[in-house]
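K.L.:
Shown below is the structure under consideration.
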Amino acid sequence: MKITILGSGTSQGVPVIACPCEVCTSGDSHDKRLRSSLLIETASTSVVVDAGPDFRQQMLRSKVKKLDAILITHTHKDHIAGLDDVRSFNYLTGKPVRVFACERDQAEIRQEFSYAFAKNPYPGVPEFDLQDLTLQPFFVGDIHIQPVELMHMQLNIFGFRFGPLAYLTDVNYIPEDSLKQLAGIKVLIIDALRKKIHPSHFNLEQAIAVSNQLRPDATWFTHISHLMGKHAEIEKELPDNMHLAFDGLIISL
Ligand SMILES: [Zn+2]
Ligand SMILES: [Zn+2]
Numbered sequence: 013m014k015i016t017i018l019g020s021g022t023s024q025g026v027p028v029i030a031c032p033c034e035v036c037t038s039g040d041s042h043d044k045r046l047r048s049s050l051l052i053e054t055a056s057t058s059v060v061v062d063a064g065p066d067f068r069q070q071m072l073r074s075k076v077k078k079l080d081a082i083l084i085t086h087t088h089k090d091h092i093a094g095l096d097d098v099r100s101f102n103y104l105t106g107k108p109v110r111v112f113a114c115e116r117d118q119a120e121i122r123q124e125f126s127y128a129f130a131k132n133p134y135p136g137v138p139e140f141d142l143q144d145l146t147l148q149p150f151f152v153g154d155i156h157i158q159p160v161e162l163m164h165m166q167l168n169i170f171g172f173r174f175g176p177l178a179y180l181t182d183v184n185y186i187p188e189d190s191l192k193q194l195a196g197i198k199v200l201i202i203d204a205l206r207k208k209i210h211p212s213h214f215n216l217e218q219a220i221a222v223s224n225q226l227r228p229d230a231t232w233f234t235h236i237s238h239l240m241g242k243h244a245e246i247e248k249e250l251p252d253n254m255h256l257a258f259d260g261l262i263i264s265l
């Protein structure tokens, strides 16, 4: 299984105009982050978690030519705004793209992309095959997916376990049952927005505490705001087996 961090950033705290801070003006490519997303690939199957505003750029950058499914953690815009661009995959395959989302999130996707679900849609609209996402494990091709419930402030959202790896973005509380489902993971990719506490995301200290509780071999922090500080400087402060994720990072399992 090959895991690629397509994006390790967030819309949270990112100014709309060019930001003069030391992270946004850094020459280090590790400090250039697209919105958070993950690609999971085996020899036969490719799955993406979330399709935020940078989805198209991420597909191009990682040369993704085949997409078997998109898993939706929740429908905040930094996680679904790029769904319109699945049309490229529709052209390639002549088929809709399977999108796994819970009932609530399916309703929001139908509303946000209403033109794609119109009775007589205009030619060229993105084509989605919405599939139910619950806490039941399932397969896409040969990739086993265990959905895990997470809390994103008041919102219950989805994290995912793919065998030895867990991807937990946009979370500030992990219910007890979910912690049990995560027991024994080897690699943890987890939300750590910044150092300062935040109402709907783990900060760095809280994410480190979760890692210390789950004790994976390696932990990568993601959904990182420019308020975190420069990659190279934060790296020096972290325990040996914990790192800031960065765009293009590949983990082979
Ligand atoms: Zn969110
Ligand atoms: Zn987010």
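Residues in the sequence shown are numbered from 13 upward in steps of one, following the numbering used here.
Note that beta-carbon positions come from the ideal geometry of N, C-alpha and C, so glycine has one too.
Nothing here was measured: the structure is a model prediction, and the numbers come from that model.
#1: Taking C-alpha atoms, which residue in K248, M240, A204 and N253 lies nearest to C33?
#2: What does DSSP give as the partner residue(s) for P159 in the beta ladder?
#3: Assign F129 to one of three DSSP states: helix, strand, or coil.
#4: Taking Q143 as part of the beta strand (DSSP E), name the residues at either end of that continuous run.
#5: Out of curiosity, what's the CA-to-CA distance linking L83 and G260?
#6: Does DSSP put E53 in a helix, in a strand, or in coil?
#7: Apart from the five residues just before and just after E120, which ones in its own chain have a Cβ nearer than 7 Å to its Cβ?
#8: Given this structure, state the Cα-to-Cα distance separating E247 from P133, to the nearest angstrom.
#9: What residue does the beta strand (DSSP E) around S212 start on, and which one ends it?
#10: Give the straight-line distance between the Cα atoms of A219 and Q225, rounded to the nearest whole angstrom.
#11: Which residues in the same chain have their Cβ closer than 8 Å to the Cβ of A257, if we skip the five residues on either side of it in sequence?
#12: Any residues whose CB sits closer than 7 Å to a heavy atom of ligand 2? List them in chain order?
#13: Excluding sequence positions up to five away, which residues of its chain have a Cβ less than 7 Å from the Cβ of P108?
#14: Starting from I186, trace the alpha helix (DSSP H) in both directions and tell me its first and last residue.
#15: Please report the distance separating the alpha-carbon of F214 from that of E245.
#16: Please give me, in chain order, every unbroken run of the beta strand (DSSP E) with length at least 3 that falls completely inside the region 54–119.
P.N.:
So, to answer that:
#1: M240
#2: F172
#3: helix
#4: F140 to D144
#5: 19 Å
#6: In the structure shown, E53 sits in a strand (DSSP, three-state: E or B).
#7: T87
#8: 49 Å
#9: Careful: S212 lies outside any beta strand (DSSP E) and carries neither H nor E.
#10: 10 Å
#11: I17, S20, I201, W232, F233, T234 and I236
#12: T22, S23, Q24, S48, H88, D90, H91, T181, D182 and H235
#13: Result list for P108: N102, E139, F140 and D141, in chain order.
#14: Premise fails: I186 is in no alpha helix (DSSP H) and is neither H nor E.
#15: 20 Å
#16: The beta strand (DSSP E) runs lying completely inside the region 54–119 and spanning 3 residues or more are 58–61, 81–83 and 109–113, given in chain order.
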